[in-house]
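Per this note's numbering, the very first residue in the sequence shown carries number 6; after that it's consecutive. Following: one structure in structure tokens, then a few remarks.
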Amino acid sequence: MDIKAAETQLRDMLAEEVKRLEAIEQRLRGAHSASFGEQALEREGDEVDERMEETVIREIEMIKAALERIEAGNYEVCSSCGGEISEARLEALPYTTVCIDCAK
Ligand SMILES: [Zn+2]
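Written as structure tokens, this is what we have:
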């Protein structure tokens, strides 16, 4: 498979996720308005943002791990059984670390 293309895709994804994370963190750190009703709304928004923040951080870690796997030359190697991860699977899920059989 075209590892260079996968690497480019992963770097693009990483840049996107980092931007998303920065936007979320800015919202979480943002000044809260004074009115009670608005504060309640913002707290709800914060909870959503905190969950999103966790998801984005996890995705960033997985993308970084995938880039490290590319560098180490084992991007297409299943981390569970040592078999090959199919190209179609890597195209669909560029930061997966296991083959389709091990993912089941
Ligand atoms: Zn496997």
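Every residue, glycine too, gets a C-beta built ideally from N, C-alpha and C.
Inset, instruction - Compute the Euclidean distance between the alpha carbons of Glu43 and Ala93, then round it to the nearest angstrom. - result: Numbered from its first residue, the sequence shown carries residue 43 at position 38. Numbered from its first residue, the sequence shown carries residue 93 at position 88. When rounded, the distance between both Cα atoms is 47 Å.
Inset, instruction - Please determine, among Glu58, Cys86 and Glu96, the residue with the shortest C-alpha to C-alpha distance to Cys107. - result: Here residue 107 refers to the residue found at position 102 of the sequence shown. When only C-alpha atoms are compared, the closest one is Cys86.
Inset, instruction - Can you have a look at Val61 and say buried or exposed, based on whether 16 or more other CB atoms are within 10 angstroms of its CB? - result: For this step, residue 61 is matched to residue 56 along the sequence shown. Val61 comes out buried.
Inset, instruction - Compute every distance between the C-beta of Ser91 and the non-hydrogen atoms of ligand 1, then say whether any falls below 7 Å. - result: On the sequence shown, residue 91 is found 86 positions in, with the first residue counted as 1. Ser91 Cβ: outside cutoff for every heavy atom of ligand 1.
Inset, instruction - Starting from the Cα of Thr102, find the closest Cα among Lys109, Glu76, Gly78 and Ala71 and give me that residue. - result: Counting from one through the sequence shown, the residue named residue 102 turns up at place 97. Minimum Cα distance to Thr102 is reached at Ala71.
Legend entry - DSSP state of Val23 mapped onto helix, strand, coil: Locating residue 23 in the sequence shown gives position 18, counting from the first residue. The answer is helix: DSSP assigns Val23 an H, G or I state.
Legend entry - Under the three-state DSSP convention, the category Gly103 falls into: Within the sequence shown, the letter at position 98 stands for residue 103. The sequence shown places Val at residue 103, not Gly. DSSP places Val103 in coil when its eight states are reduced to three.
Inset, instruction - Answer yes or no: the CB of Asp106 versus the heavy atoms of ligand 1, is any distance below 7 Å? - result: Mapped onto the sequence shown, residue 106 falls at position 101. Flag set: Cβ of Asp106 near ligand 1.
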